[in-house]
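From first to last, the protein sequence lines are chains A and B.
Taking my numbering, the leading residue of the first sequence gets 1, the next gets one more, and so forth.
Taking my numbering, the leading residue of the second sequence gets 388, the next gets one more, and so forth.
2 protein chains.
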Amino acid sequence: MDKEIYLDNGMATRPSERTIGKMIPLLTEKWGNPMSPHKKGQEVFPEIKEGFESIYGLLGAKEDDDIVFTSSGAEAVNHIVNSLYYDQTLEAGRNHFITSNIDEAPAIMAIGKLEESGCVGKMVSANAQGAVTADIIADALSPRTALVSLDWANGLTGVINPVGEISELCEDRGVFCHLDASHILGKLYFDLSKIKATHITFGGDFFHAPRGTGALWIRGGRHCSSFIVGGIEQAGLRAGSYSVANLVGLGSACKEAIDARDFLCTETARLRNKLEKGILKGFHEAIPFFRDQERLPNVTAIAFPGIINEYLLFNLNKRGVYASIGGGSFQQIGLVLMNSGIEKNIAHTAISFNLSRETTDEDIDRAVEIITEEAHRAKKLSFGLEL
Amino acid sequence: MDKEIYLDNGMATRPSERTIGKMIPLLTEKWGNPMSPHKKGQEVFPEIKEGFESIYGLLGAKEDDDIVFTSSGAEAVNHIVNSLYYDQTLEAGRNHFITSNIDEAPAIMAIGKLEESGCVGKMVSANAQGAVTADIIADALSPRTALVSLDWANGLTGVINPVGEISELCEDRGVFCHLDASHILGKLYFDLSKIKATHITFGGDFFHAPRGTGALWIRGGRHCSSFIVGGIEQAGLRAGSYSVANLVGLGSACKEAIDARDFLCTETARLRNKLEKGILKGFHEAIPFFRDQERLPNVTAIAFPGIINEYLLFNLNKRGVYASIGGGSFQQIGLVLMNSGIEKNIAHTAISFNLSRETTDEDIDRAVEIITEEAHRAKKLSFGLEL
């Protein structure tokens, strides 16, 4: 088999060796429960402090903001949506929840579930540029809106939403604004005094943290009730003893993400562009989407007209090139693209390639070769007819 | 400082070395997301299968039962209570939830939270033997009862509830029955064809699994909606990518818990009894509770009349003896004992000692020495006056 070329970093990234190394002592020696009022429990305090400080650092959070360590980004999103049901719907009668049709499943489904309790979910449509704009949100807002929940950027297309304007609109209208920052952390520079979101969530899977990590940021002064209740862990915001090892891993990955941000924005962006150009050169019909938009530096979605994307992905997998068409918490990329007005028979030929700081020039050269070979081979077999 | 003697295994146990060893490859090499339809994701399938099989094994679960891997026991308890709100309250109008006043905080608080949504929580009282009986539950049941949620055994006193009778009563009355098995796994033999519970939850902290692990068992044929929504992970029962390393760790710990069960029931029980006798001999006023009851083999709660338990615990900590008076998801042991009718000025002098398979004769000998020394010293200082 060819050397493996991993371009599916929107689903999972390789946990960094340094990060795993920092976790080991917490698994083997410092295994106490920090809620225990004795030395065995308390010996992990410094590591807990450092872990949280690193998360604050990556977000540029202030001291009076709250950060809750969770077991995944999905848990953090569910936390927010549920808390706002308790805090806004039950307390203040606000029962209107807005998200978009290119968002990921946790927000869409958590809001959908609230409909069983008398809430109304509103799913706005992205525009033809693959983005959700402040105008789109403004049209959807109502006096009963409790929450606008959006992905900061789409993990499959890389398109970045204008969250500065959107969050400012929300602030003006007194509406809570949740941004899922999973795909932008370590890839974008931002300033939370300018982005007016009230809540931010993310999973650690996308910047080389260990699996099973995530967090929820709450702007200082915004009350947020807990989701998993039943203990005073994390200032009562999340009950249950958590893995300090995983917290330490997430913290370490946050630090590394800061250090690697410039590299992602320049070198990885160059490799992403090289991938697009290489594929276009080798397979002229290919359509890379949203190249004129504000995009993440490491993501591209490319259609291969006439080729069912699942078939191409399957064959790329056999050659050791790993990419994505969605799944898991993602929607299928075909649906995401159709939601931006791309025709069905093009949308369902698209594949998303997601690079990381570990992607090399050699990876991209080889990937271009394999992808164009496999695209030509698939095209010959006329799979397009079945689209 | 003296050698550390860890008798707080109801808060956390040392993760077994073999278990951590099995996790490492999942942290460093096999880090893919199993939802990814390519080799890097799929290479973890064998480990996932083995992990779940081991959990099934420890519970003696059947193939058509469901098991959901969670990030803690608290999450699993919240899952159950919330699902039953959706499945029973919203669907069938059953809005009455029963738990007991010696249960742990997650069940009590999750039920309390439902009261904001129009549910009624009923907290029954334990009897003078520290247990909740079927008669007590029978008195509390109503035609609108959705759920009876109880700890299988109390982790601070060790008293085992008669869950066979209670679960049978629930089955007869068509009421769901959730048992928190956190403290009995690896310590009790049981048969889920005789225990008629519909749901069982547990955290891995109490049998040498890594922190941040738990699970929820659902009897075959019982529908249970999801708590963290937004993905098709775990057959849609829990969204979000989880740590396969932690699942593997939990599975490995389950296997070891089965192997160690006889040892716990005999050798560890002997050491627990030795601890009680030693303390009684060295400090005559000591009162070990519930010795005539069905108890866990590794737990004892002992009062030291005239000594505030926090003060004694503090001094034991300084000498390297770690025990518990509750906290975290536990209620304070003083409250647990008072809920069984123990007088306040005795209840708040009690300390819970929780042994593990790693506790040795030498540990117990030394612990007895230190505990009696410190009890006499504290007694002299007449702290009892402030009780």
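Ideal Cβ positions, reconstructed from N, Cα and C, are used throughout, including at glycine.
Every value quoted in this text rests on a predicted model; they were computed, and no experiment measured them.
Short CB-CB distance (under 8 Å) between residue i and chain B
i, result
"LEU216 (chain A)", "no"
"HIS38 (chain A)", "yes"
"ASP205 (chain A)", "yes"
"MET35 (chain A)", "yes"
"GLY121 (chain A)", "no"
"GLU50 (chain A)", "no"
"ILE102 (chain A)", "no"
"VAL244 (chain A)", "yes"
"TYR322 (chain A)", "yes"
"ASN315 (chain A)", "no"
"ALA74 (chain A)", "yes"
"VAL77 (chain A)", "yes"
"GLY251 (chain A)", "no"
Presumed contact (8 Å Cβ cut-off) between residue i and residue j, rounded CB distance
i, j, result
"LEU537 (chain B)", "ASP490 (chain B)", "6 Å"
"THR486 (chain B)", "GLY517 (chain B)", "The Cβ separation is near 16 Å, so there is no contact."
"CYS611 (chain B)", "SER470 (chain B)", "5 Å"
"LEU275 (chain A)", "VAL368 (chain A)", "6 Å"
"ASN33 (chain A)", "SER241 (chain A)", "5 Å"
"ALA463 (chain B)", "GLY601 (chain B)", "5 Å"
"ILE733 (chain B)", "ILE666 (chain B)", "Not confirmed; about 15 Å, so no contact."
"GLY617 (chain B)", "ASN78 (chain A)", "7 Å"
"LYS427 (chain B)", "TYR6 (chain A)", "6 Å"
"GLY397 (chain B)", "VAL686 (chain B)", "7 Å"
"LEU700 (chain B)", "ILE712 (chain B)", "6 Å"
DSSP state of residue i mapped onto helix, strand, coil
i, result
"ALA710 (chain B)", "coil"
"MET410 (chain B)", "helix"
"PHE97 (chain A)", "strand"
"ALA350 (chain A)", "strand"
"THR133 (chain A)", "coil"
"LYS509 (chain B)", "strand"
"ARG560 (chain B)", "helix"
"SER243 (chain A)", "coil"
"PHE314 (chain A)", "helix"
"HIS199 (chain A)", "strand"
"TYR86 (chain A)", "helix"
"ILE751 (chain B)", "helix"
"LEU566 (chain B)", "strand"
Rounded straight-line distance, which links the Cα of residue j to that of residue i
i, j, result
"ASP64 (chain A)", "ASP453 (chain B)", "42 Å"
"THR145 (chain A)", "ARG94 (chain A)", "6 Å"
"VAL550 (chain B)", "ILE587 (chain B)", "12 Å"
"SER340 (chain A)", "SER630 (chain B)", "33 Å"
"GLU50 (chain A)", "MET23 (chain A)", "13 Å"
"ILE407 (chain B)", "LEU742 (chain B)", "21 Å"
"ASN317 (chain A)", "ILE442 (chain B)", "32 Å"
"ILE136 (chain A)", "VAL120 (chain A)", "17 Å"
"PRO493 (chain B)", "ILE371 (chain A)", "51 Å"
"GLU416 (chain B)", "GLU404 (chain B)", "19 Å"
"ALA378 (chain A)", "ILE307 (chain A)", "6 Å"
"ALA644 (chain B)", "GLU267 (chain A)", "50 Å"
"ASP8 (chain A)", "GLY714 (chain B)", "43 Å"
"PHE432 (chain B)", "PRO412 (chain B)", "14 Å"
"CYS254 (chain A)", "ASN514 (chain B)", "51 Å"
"THR70 (chain A)", "THR746 (chain B)", "32 Å"
"PHE97 (chain A)", "PHE353 (chain A)", "31 Å"
"GLY542 (chain B)", "SER125 (chain A)", "51 Å"
Min CB distance residue i to chain A below 8 Å
i, result
"PRO597 (chain B)", "yes"
"ALA399 (chain B)", "yes"
"THR415 (chain B)", "yes"
"LEU477 (chain B)", "yes"
"GLY771 (chain B)", "Residue placement at GLY771 (chain B) is poorly supported in this model, since its pLDDT is 49, which falls under 50; the coordinates still yield a value, given next. Chain A contact via Cβ: absent."
"SER458 (chain B)", "yes"
"LYS500 (chain B)", "yes"
"ASP395 (chain B)", "yes"
"ALA497 (chain B)", "yes"
"ILE666 (chain B)", "no"
"ALA513 (chain B)", "no"
Can you pull out the residues from the segment 253-275 of chain A whose beta carbon lies closer than 8 Å to at least one beta carbon of chain B? none
Residues in the segment 159-176 of chain A with C-beta within 9 Å of chain B's C-beta atoms, listed in sequence order? none
So if I threshold CB-CB distances at 7 Å, which residues from the segment 521-540 of chain B count as touching chain A? none
With 8 Å as the C-beta to C-beta threshold (strictly closer), list the residues of the segment 713-746 of chain B near chain A in chain order. GLY714, GLY715, SER716
Cβ-based contacts, 8 Å cut-off: residues of the segment 222-245 of chain A near chain B: PHE227, ILE228, VAL229, GLY230, GLY231, ILE232, GLU233, ALA239, GLY240, SER241, TYR242, SER243, VAL244, ALA245
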